Amino acid sequence: MARKAKYSEEWRHRAAALQTKIEEAMTLAASSIGDYRWLHRLHSWVTEVAQGKAPDWWTDLDCEVSLPREEKRISTFLSTQKKRITLQMCLS
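The following block contains the structure:
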C-alpha cells in the first residue's frame, strides 16, 4: 500500500511547477562551464515532493520553508543565465 504524503496537494503542484523550471535551468546550464550538480540534486528531491514520495518526516512546514526558497533560487539562476547568454550573443 502506498504511503500518503504528509503535505498538501498545493505543495505537490508547486513542486511540479518548480520541477519544470529546474529542467529549464538544467538545459541552460548544459551550455555553460561550471559545476551544476546542485541542480540535479535539487531536481531529485523536488520530484519526490511532486510525486508525494518525500520522506515520512516531510510535512507542510518543510514545504513552506524549502520550496519558496528554492523557487527564488531557480528564478535567480534562470534570470542570470539568460542575461549571460544574451550578453554572449551581443558580443559575438
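Heads up: the sequence shown runs through residues -16 to 75, numbered per my numbering.
By construction, the Cβ of each residue, glycine as well, lies at the ideal position given by its N, Cα and C atoms.
None of the values given here were measured: they were computed from a predicted structure.
Alpha-carbon spacing of residue i relative to residue j, whole angstroms
i          : j          : result
residue 10 : residue 42 : 30 Å
residue 60 : residue 53 : 10 Å
residue 28 : residue 75 : 38 Å
residue 69 : residue 1  : 23 Å
residue 66 : residue 14 : 14 Å
residue 3  : residue 51 : 15 Å
residue -9 : residue 45 : 11 Å
residue 26 : residue 57 : 11 Å
residue 82 : residue 38 : With the chain covering -16 to 75 only, the question about residue 82 has no answer from this structure.
residue 20 : residue 30 : 15 Å
residue -6 : residue 35 : 9 Å
Reduced DSSP category for residue i - H, G, I as helix; E, B as strand; rest coil
i          : result
residue 36 : coil
Residue i, buried or exposed, once every other Cβ within 10 Å from all chains shown has been counted against 16
i          : result
residue 8  : buried
residue -3 : buried
residue 40 : exposed
residue 5  : buried
Cβ distance (whole Å) where residue i is taken to contact residue j below 8 Å
i          : j          : result
residue -1 : residue 33 : 4 Å
beta-carbon residue i near the ligand SAM non-hydrogen atom, thresh 6 Å
i          : result
residue 56 : The ligand content of the structure shown is nil, which means the ligand SAM is not present either.
Test: residue i CB closer than 7 Å to a CB of chain C
i         : result
residue 3 : Given the protein chain composition of this structure (a single chain), no chain C is represented.
| Every unbroken alpha helix (DSSP H) within the region -11 to 34, with a cutoff of 4 residues, ordered by chain | Scanning the region -11 to 34 from its first residue to its last, the whole alpha helix (DSSP H) runs of 4-plus residues come out as -8 to 13, 20 to 33.
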